[in-house]
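Student:
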Amino acid sequence: MASRRASKPTAASVAWDAWLTTRGGAPIIAARQAVRLEALVAHARSASRFYAEQYRDLPAGCFKPADLRRLPPVHKPALMERFEDWVTDPRVTRAGIEAFVADLDNVGKDFLDQYVVFTTSGSTAEPALLVQDPRSIAVMMGLAYARSAGVLPLRLLPRILARGARQAAVFAQGGHFLTATMFARQLRTQPYRRRIARYFSILDPLPQLVEQLNGFQPALVSTYASALSVLIDEQEAGRLHISPVVISSGGELLLPSVQRRAEEAFGCVVVETYNASEATPLSLPCRLGRLHLNTDWFIVEPVDAAGDPVPTGHRSDTVLVTNLANYVQPVIRYELGDSVVIAAQPCACGNPLPTITPEGRTDEILRVPRAGTGEVVLLPMAIATVVEETPGVLRYQILQTAPATLAIRLDTDPGAGRARVWQRAHDRLDSFLRTQGAAGVTVELADERPQANPRNGKLRHVLCTLPPTSPAASP
Ligand SMILES: [Zn+2]
Numbered sequence: 136m137a138s139r140r141a142s143k144p145t146a147a148s149v150a151w152d153a154w155l156t157t158r159g160g161a162p163i164i165a166a167r168q169a170v171r172l173e174a175l176v177a178h179a180r181s182a183s184r185f186y187a188e189q190y191r192d193l194p195a196g197c198f199k200p201a202d203l204r205r206l207p208p209v210h211k212p213a214l215m216e217r218f219e220d221w222v223t224d225p226r227v228t229r230a231g232i233e234a235f236v237a238d239l240d241n242v243g244k245d246f247l248d249q250y251v252v253f254t255t256s257g258s259t260a261e262p263a264l265l266v267q268d269p270r271s272i273a274v275m276m277g278l279a280y281a282r283s284a285g286v287l288p289l290r291l292l293p294r295i296l297a298r299g300a301r302q303a304a305v306f307a308q309g310g311h312f313l314t315a316t317m318f319a320r321q322l323r324t325q326p327y328r329r330r331i332a333r334y335f336s337i338l339d340p341l342p343q344l345v346e347q348l349n350g351f352q353p354a355l356v357s358t359y360a361s362a363l364s365v366l367i368d369e370q371e372a373g374r375l376h377i378s379p380v381v382i383s384s385g386g387e388l389l390l391p392s393v394q395r396r397a398e399e400a401f402g403c404v405v406v407e408t409y410n411a412s413e414a415t416p417l418s419l420p421c422r423l424g425r426l427h428l429n430t431d432w433f434i435v436e437p438v439d440a441a442g443d444p445v446p447t448g449h450r451s452d453t454v455l456v457t458n459l460a461n462y463v464q465p466v467i468r469y470e471l472g473d474s475v476v477i478a479a480q481p482c483a484c485g486n487p488l489p490t491i492t493p494e495g496r497t498d499e500i501l502r503v504p505r506a507g508t509g510e511v512v513l514l515p516m517a518i519a520t521v522v523e524e525t526p527g528v529l530r531y532q533i534l535q536t537a538p539a540t541l542a543i544r545l546d547t548d549p550g551a552g553r554a555r556v557w558q559r560a561h562d563r564l565d566s567f568l569r570t571q572g573a574a575g576v577t578v579e580l581a582d583e584r585p586q587a588n589p590r591n592g593k594l595r596h597v598l599c600t601l602p603p604t605s606p607a608a609s610p
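Going by this note's numbering, the sequence shown opens with residue 136, and the numbers climb by one from there.
1) Does the Cβ of residue 330 have 16 or more other Cβ atoms within 10 Å, making it buried, or fewer, making it exposed?
2) Going by C-alpha to C-alpha distance, which of 385, 463 and 566 sits closest to residue 408?
3) With H, G and I counted as helix, E and B as strand and the rest as coil, what does DSSP make of residue 383?
4) Looking at residue 320: is its Cβ nearer than 9 Å to the Cβ of residue 244?
5) Just checking my contact of residue 268 with residue 461 at CB under 8 Å: how many whole Å lie between their CB atoms?
6) The beta strand (DSSP E) with residue 652 in it runs from where to where?
7) If residue 254 sits next to residue 311, beta carbons under 8 Å apart, how far is it from one beta carbon to the other, in whole angstroms?
8) For the beta strand (DSSP E) containing residue 546, name the first residue and the last one.
9) With 16 other CB atoms within 10 Å as the buried threshold, where does residue 258 fall?
10) Of the choices 416, 365 and 418, whose alpha-carbon is the least far from that of residue 396?
11) Taking all protein chains shown into account, decide if residue 191 is buried (16 or more other Cβ within 10 angstroms of its Cβ) or exposed.
12) Looking at residue 197 and ligand 1, is the gap between the Cβ and the nearest heavy atom below 8 Å?
13) To the nearest whole angstrom, what separates the beta carbons of residue 309 and residue 239, a pair I think is in contact under 8 Å?
14) Quick check: the Cα distance between residue 279 and residue 575, rounded to an integer number of angstroms?
15) Which same chain residues, not among the five before or five after residue 559, have their C-beta less than 6 Å away from its C-beta?
16) Let me know the beta strand (DSSP E) ranges lying completely inside the segment 185–238, each 3 residues or longer, listed in chain order.
17) Using the rule of at least 16 other Cβ atoms within 10 Å of the residue's Cβ for burial, across every protein chain shown, is residue 136 buried or exposed?
18) Straight-line CA distance for residue 290 to residue 362?
19) Taking 8 Å as the cut-off, is the C-beta of residue 311 nearer than that to any heavy atom in ligand 1?
20) Apart from the five residues on each side of it in sequence, which residues of its chain come closer than 7 Å, Cβ to Cβ, to residue 247?
21) Any heavy atom of ligand 1 closer than 8 Å to the CB of residue 486?
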């Protein structure tokens, strides 16, 4: 059976299949999706108590993609609450995973020598614990091998090699985040990469980060959009002087204006990526900079607030995603919370996979007084990570309410003690601000709780409520 044969793919077999599928066009993509969906739903019904219950009223037997909308959507809080009913391997317990991720030395190591674990803030509600099986990892690597090349024209290869093919990943450190985990894992499993790939933490003070990047001179840079804005400022000011060949920006919305500025400042190709820790790589950019959905392995359904499908070319309120690769923790019609548009027309690059435009995250860059004179730039992903990784924090928002005041809205774990969690969060922020060179910044606990956008339920984590009068604010 095709589904059984496909149940143990390797990165190489996935890459080969992905290449054939893209060449085969829409009918082959639909056929792959159908076989994989049927197998996944059958597996989830038989091996996950959570899904068995969800689907108990559905007729047994064969399941077709046309029936997809009969399956109830699922949500992170309910799945997390029933973590052990959700997963399909009884050895994967919530306590076991929590103990594993509590140890940061485990970043890049496999749980039970078999599963890759990510933690995510996501942009709604509480963090998730995500477990990927070897099949899912093979798909992650295979799709990247087969379909990332589209963005790297062969003519750029000599320039990349001239810079030693050095890769800089500029992201948050200090947690089992997807990028940090996959990066550490690749260094562990492919030791030769240690010579050419380096992880830079945006939690380091900016001057230090700039100096490290100057020393490394990467050919390829991947980072968050907000970090990219700051790197552009540094390059334009002459403090940063790197000349990468390709920059990829992910995790947050990349504004076209920022993309253009980056292309001018660095004289290179700048591409956006759009992924979810629950489904990676959901999309990959093409040479025209459009994001193609990997619909042979992931089903993406844009829906409105009532859960009804939104037609192509129209903006959705949220999106339901189905990950056809991961069997240990099935993700079937899982609400991601992102607002997206799926293009009605095929991309001019010739790739038959549909393209998506995400609205993405819209956290803001904060600027606070520096010790002495001037200001310190605080990247949203960096400051958010400091609060998010505080034990006992469930949900939070960081607001800059005055030039030197940060107010924190906090929801804490009921068992953790609100006062104690706040004290820890406060101390961590205080120490973070000091290492960044900030001075005289007050960090206070807000009276109100975190407030999600009522329209799409998304929680912005970092907001500035000051009027945009700062002369140093970026355009
Ligand atoms: Zn394209």
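No residue lacks a Cβ here, since even glycine has one placed at the ideal position from N, Cα and C. These numbers were taken from a predicted model, which means no experiment stands behind them.
Tutor: Looking at the atomic coordinates:
1) As a working mapping, residue 330 is identified with position 195 in the sequence shown. It is exposed - the Cβ of residue 330 has fewer than 16 other Cβ atoms within 10 Å.
2) If you number the sequence shown from 1, residue 408 lands on position 273. Out of 385, 463 and 566, 385 has the C-alpha closest to the C-alpha of residue 408.
3) Here residue 383 refers to the residue found at position 248 when the sequence shown is read from its first residue. Three-state result, residue 383: strand.
4) Indexing the sequence shown from 1 puts residue 320 at position 185. Indexing the sequence shown from 1 puts residue 244 at position 109. It is a contact, given that the beta carbons lie within the stated cut-off.
5) Residue 268 sits at position 133 when you count from the first residue of the sequence shown. Residue 461 sits at position 326 when you count from the first residue of the sequence shown. Confirmed, Cβ separation roughly 6 Å.
6) Nothing can be reported for residue 652, as the shown portion of the chain is limited to 136 through 610.
7) Working through the sequence shown from its first residue, we reach residue 254 at position 119. Working through the sequence shown from its first residue, we reach residue 311 at position 176. Indeed they touch by this definition, with Cβ atoms about 5 Å apart.
8) For the purposes of this step, residue 546 is identified with residue 411 of the sequence shown, where counting begins at 1. Start and end: 540–547.
9) What you label residue 258 is simply residue 123 of the sequence shown in a count that begins at 1. Confidence at residue 258 is low in this model, with a pLDDT of 45, below 50, so its placement is unreliable and no value can be given for it.
10) Along the sequence shown, read from residue 1 onward, the residue named residue 396 stands at position 261. When each option's Cα is compared against that of residue 396, the closest is 365.
11) Along the sequence shown, read from residue 1 onward, the residue named residue 191 stands at position 56. Residue 191 should be labelled exposed.
12) The residue you call residue 197 lines up with position 62 of the sequence shown. No, Cβ of residue 197 sits at least 8 Å from all heavy atoms of ligand 1.
13) Locating residue 309 in the sequence shown gives position 174, where the first residue counts as 1. Locating residue 239 in the sequence shown gives position 104, where the first residue counts as 1. Yes, they are in contact, since the Cβ atoms of residue 309 and residue 239 sit about 7 Å apart, within 8 Å.
14) Counting from one through the sequence shown, the residue named residue 279 turns up at place 144. Counting from one through the sequence shown, the residue named residue 575 turns up at place 440. Taking the straight line from one Cα to the other gives about 46 Å.
15) Counting from one through the sequence shown, the residue named residue 559 turns up at place 424. Correct list, in chain order: 525.
16) none
17) Your numbering for residue 136 matches position 1 in the sequence shown. Low per-residue confidence applies at residue 136: pLDDT is 37, beneath 50, and the placement is therefore not dependable, though the value from the model is reported in the following sentence. The residue is exposed, with fewer than 16 neighbouring Cβ atoms inside 10 Å.
18) Position 155 of the sequence shown, counted from the start, is the residue given in the question as residue 290. Position 227 of the sequence shown, counted from the start, is the residue given in the question as residue 362. When rounded, the distance between both Cα atoms is 28 Å.
19) Numbered from 1 along the sequence shown, position 176 holds the residue referred to as residue 311. Checking the Cβ of residue 311 against ligand 1 gives no.
20) Looking up residue 247 in the sequence shown gives position 112. 226, listed in sequence order.
21) Taking the sequence shown and counting its residues from 1, the one referred to as residue 486 is at position 351. Within the cutoff, so yes.
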